[in-house]
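Protein chains in written order, with our numbering: chain A, 485 to 607; chain B, 485 to 607.
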DNA sequence: CGCTAATTGAGAATTGATTCTCAATCGGAA
DNA sequence: TTCCGATTGAGAATCAATTCTCAATTAGCG
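Next up, the structure:
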């Protein structure tokens, strides 16, 4: 997409720098350093466009509100810290899901979410 | 819990009979046959109590609104049909999730959701 | 039966996430 | 620069799920 404004480029840059799935609220707070006075509507508008162009992915998992992360094309899953509620990307995938399907069912995608305690909270 | 009223026992009985995760709305419609005039608030109140006592489990996965199912103590995961939006239980679990964890992270639980087409919709 | 506390149904209210409205401001082509 | 369409911020509005309010009804002890 064209990054026509300072706000839009701040939002995308900050999202890329955070390097993990974040909520629109976290993103607003982080990007406000770059763009003082940034409004939440602008964050939502930017995220919506970025999701539509495939540059950003919206992640919805039970227990936490929706998060967004840069789409980097690598298949991965997620970890949710039950202590700080932060979400992390997990590399790799155990596979073997197709064998769980009952007869006649077909799989188009799958998701794995692991809940637990992150390194910071465990310390 | 004590099933003090006709409504409460209808709700639990119907939920058990449906045999798969259902939405409060589906449950309301199904249980209305047993208890005419049943209100949605009553369904939500009953589900809330049943979840608190551990008899029922609330399932939240991306793409569909919250579903509820009887807690039967068997570890399993879920299938969501992208065509009819219905949710099904999948027996078994591939395991091997712990090896996805980064150092210092601990796992307390996990969830697997498979998206695709169910047998009815594939036919 | 008679009574009181608990439960119910209907609709209003709340909640959290997200979108809309609109006047003010910005970006960039001429 | 000048101008116009696009973008922005603030707050109102929406949306779906769920909870609350309250008067009417029900359960079941005495």
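Yeah, the Cβ is synthetic: ideal placement off N, Cα and C, and Gly gets one too.
Using a Cβ-Cβ cut-off of 8 Å, state whether residue i counts as contacting chain B.
i	result
residue 596 of chain A	yes
residue 545 of chain A	yes
residue 578 of chain A	yes
residue 606 of chain A	yes
residue 553 of chain A	no
residue 485 of chain A	The predicted position of residue 485 of chain A is uncertain, since its pLDDT is 44 and thus under 50; a value taken from the coordinates is nonetheless stated next. False, the Cβ-Cβ gap to chain B never drops below 8 Å.
residue 525 of chain A	no
residue 504 of chain A	no
Can you pull the chain A residues whose beta carbon is under 9 Å from the beta carbon of residue i, in chain order?
i	result
residue 602 of chain B	586, 588, 589 and 590
residue 599 of chain B	591, 592, 593, 594 and 595
Taking residue i as the query, report the chain B residues whose CB atoms sit under 8 Å from its CB, ordered along the chain.
i	result
residue 574 of chain A	584, 585 and 586
Hey, does residue i have any beta-carbon neighbour from chain A nearer than 8 Å?
i	result
residue 561 of chain B	yes
residue 566 of chain B	yes
My guess is that residue i and residue j are in contact by the Cβ rule of under 8 Å, so how many angstroms apart are they, rounded?
i	j	result
residue 547 of chain A	residue 590 of chain B	Wrong, their Cβ atoms sit about 16 Å apart, outside the cutoff.
residue 565 of chain B	residue 602 of chain B	4 Å
residue 512 of chain A	residue 522 of chain A	6 Å
residue 491 of chain B	residue 537 of chain B	About 17 Å; that fails the 8 Å criterion.
residue 499 of chain A	residue 535 of chain A	Incorrect: roughly 11 Å between the Cβ atoms, too far for contact.
Scan the segment 518-561 of chain A and note each continuous beta strand (DSSP E) run of 3 residues or more that stays entirely inside, going in chain order.
540-543 and 551-554
Please determine if the segment 595-606 of chain A and the segment 507-518 of chain B are in contact, where contact requires at least 3 C-beta pairs separated by less than 8 Å.
no
Stretch-stretch touch, CB-based, cutoff 8 Å, three pairs: the segment 552-560 of chain A with the segment 564-576 of chain B:
no
Pairs of beta-carbons, one from the segment 575-582 of chain B and one from the segment 509-526 of chain B, closer than 8 Å: are there three or more?
no
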